[in-house]
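Residue numbers (this note's numbering): 519 to 1122.
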């Protein structure tokens, strides 16, 4: 884990591109601090030359000079505040962009385990805490330290002996504030981590609100949220107690300085060893530190919070991203779709192998179906093709090229995916279809929708293709979302397709439309299908039966039925009913089977 210095050094690095704005802001801070130091000297002269000697003009002159200084200081304060706020929010802009860019490039293995709510908390709350300190907070801390050093110097010039009496408690105060920061910093990290947990609980509950309401589990969700919220408050309350215990100490130490000045300085002034104005100036300097020094505790608090928050942000930024392209990586310009797995194995870091000894080839235009029990490795095999994960053993090639030796972006441009539960963005219908090809013409979007059997239902929506769908496509049915996903893949026009073709959750008519759309989608493409339907298996050129991460059987549907292996058992338990049902339906309503044979498809 990086130390505090490294964290703050990295935060300060975000200031480098804005040297001009930083210079103006900090010159204003220095100028304002210098003007503040002049005021006690003006008051000193007013007392010694005005009150003591009875010269009213000296008092009027002092008042006018203080007023003029206030006007000039107002201008400096404006520059300080304006550029301070600008720097604050510009740093937030840069840091948030950096965070989000890294988040987009993190591998699938990270997103498999990460909590969305926690990531949202880091992108919002943690970055906000970091920006507050590196912008305005750091400027205020600088102003306080400059004022502190300036006051010490000015007091020493007035009277070294009396200054030492007054500054003794100040040394204790500085030590107390530094110690305070060391105590609260790790506690603030715990608070920010708990906020991430709290955000994750809320995000999960809101995402699954339909299930919550269906099972009347609102009280349970409230109780779960309340427990995490209570934990957050407990951690925050611990900080409040530390703060409350230290604040009176800071005030008492400052009061001790005033007491010592009056105790030792009063007799000096009565004896004429120093003037009354000098004593008053010394007291003014100490009082001038009252607000800043007490604010020093708040700024240390802010710095501690920022350090804890920045640590959480940099934890994500420093994570290894997807494997960078090698220096000699080539661009895949044109792909035929010849995919080969050569003794491929994969295991998550530190985990047992998920798949082992996967060895097969798919010729251009073939349909490869993968079937097997849950957890047998079907999805892992298909995820290796677009390099969502890199194989830990063996290699995968496309048209003879090891996919680790080609540019990742060019590889994925030739691969399309249609998921069983496709994800749609809260955009318009046309924007969702054109997501993979944003420069597509309206005519091309409509043609893709027609081929996917989606055009008719789209035209019945309020604004047709410009209808904005809800979050995750919540306003559409499952079949409609799947057809839009197929239209998206058609418009993308990849040579290799990956597809989960389960349509068990849709009605017969919708399934028929989806199968028609898939027939168009699969035409002439190399297709990998995580198969659930008998029709898909019958039309596949090669069926791979996986169990325990290995291929235990391979062949066509008819070949595998002749054996007495896992495929035969799956057929008897799950697929035979589909065949008998289809036969009954054909007897009741004769119809031509879907023309899937001889086509190359990929259902993702």
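For glycine and all other residues, C-beta sits at the position ideal for the given N, C-alpha and C.
- Comparing C-alpha distances from residue 811 to each of 737, 844, 849 and 693 shows the shortest one belongs to 693.
- When the five nearest sequence neighbours on each side are left out, the beta carbons in the same chain lying within less than 7 Å of the beta carbon of residue 1088 are those of 889, in order along the chain.
- For residue 871, the uninterrupted beta strand (DSSP E) run begins and ends at 871 to 880, by DSSP.
- DSSP lists 1063 as the bridge partner or partners of residue 1071.
- Residue 935 and residue 1071 have their alpha carbons spaced roughly 25 Å apart.
- Relative to the Cα of residue 976, the nearest Cα in the group 1066, 1001, 959 and 958 belongs to 1001.
- The alpha-carbon separation between residue 894 and residue 713 amounts to approximately 37 Å.
- Taking 8 Å as the cut-off, the Cβ atoms of residue 817 and residue 655 count as close.
- Going by C-alpha positions, residue 1073 is about 22 Å away from residue 916.
- Following the DSSP letters along the chain, one finds residue 864 inside the beta strand (DSSP E) bounded by residues 857 to 865.
- Around the beta carbon of residue 762, fewer than 16 other beta carbons sit within 10 angstroms, so the residue counts as exposed.
- The segment 767 to 781 makes no contact with the segment 536 to 555: fewer than 3 CB pairs, one atom from each, lie closer than 8 Å.
- The straight-line gap separating the alpha-carbon atoms of residue 653 and residue 1005 is approximately 47 Å.
- Here residue 730 carries a helix assignment [DSSP, helix/strand/coil].
- For the segment 881 to 918, the full-length alpha helix (DSSP H) segments reaching 4 residues or more read 896 to 902 along the chain.
- Residue 538 counts as exposed, since fewer than 16 other beta carbons sit within 10 angstroms of its beta carbon.
- The Cβ neighbour count for residue 900, taken over all protein chains shown within 10 Å, is at least 16; the residue is labelled buried.
- The DSSP-derived three-state label of residue 946 is strand.
- Per the C-alpha coordinates, the member of 566, 625 and 708 positioned closest to residue 837 is 625.
- When the Cα atoms are used, residue 1044 and residue 721 turn out to be separated by approximately 38 Å.
- The Cβ-Cβ distance between residue 832 and residue 525 falls below 8 Å.
- The three-state secondary structure of residue 807, taken from DSSP, is coil.
- Burial is judged here by how many other beta carbons sit within 10 angstroms of a residue's own beta carbon; residue 702 has at least 16 and is buried.
- If you look at residue 934, you'll find it in the beta strand (DSSP E) that goes 933 to 936.
- Beta-bridge analysis with DSSP links residue 1046 to 886 and 1016.
- Judged by beta-carbon spacing, residue 912 lies within the 8 Å limit of residue 861, meaning their Cβ atoms are closer than that value.
- Rounded to the nearest angstrom, the gap between the Cα atoms of residue 685 and residue 706 is 31 Å.
- The beta carbon of residue 584 sits closer than 7 Å to those of 557 and 560, all from its chain and outside the five residues before and after it, given in chain order.
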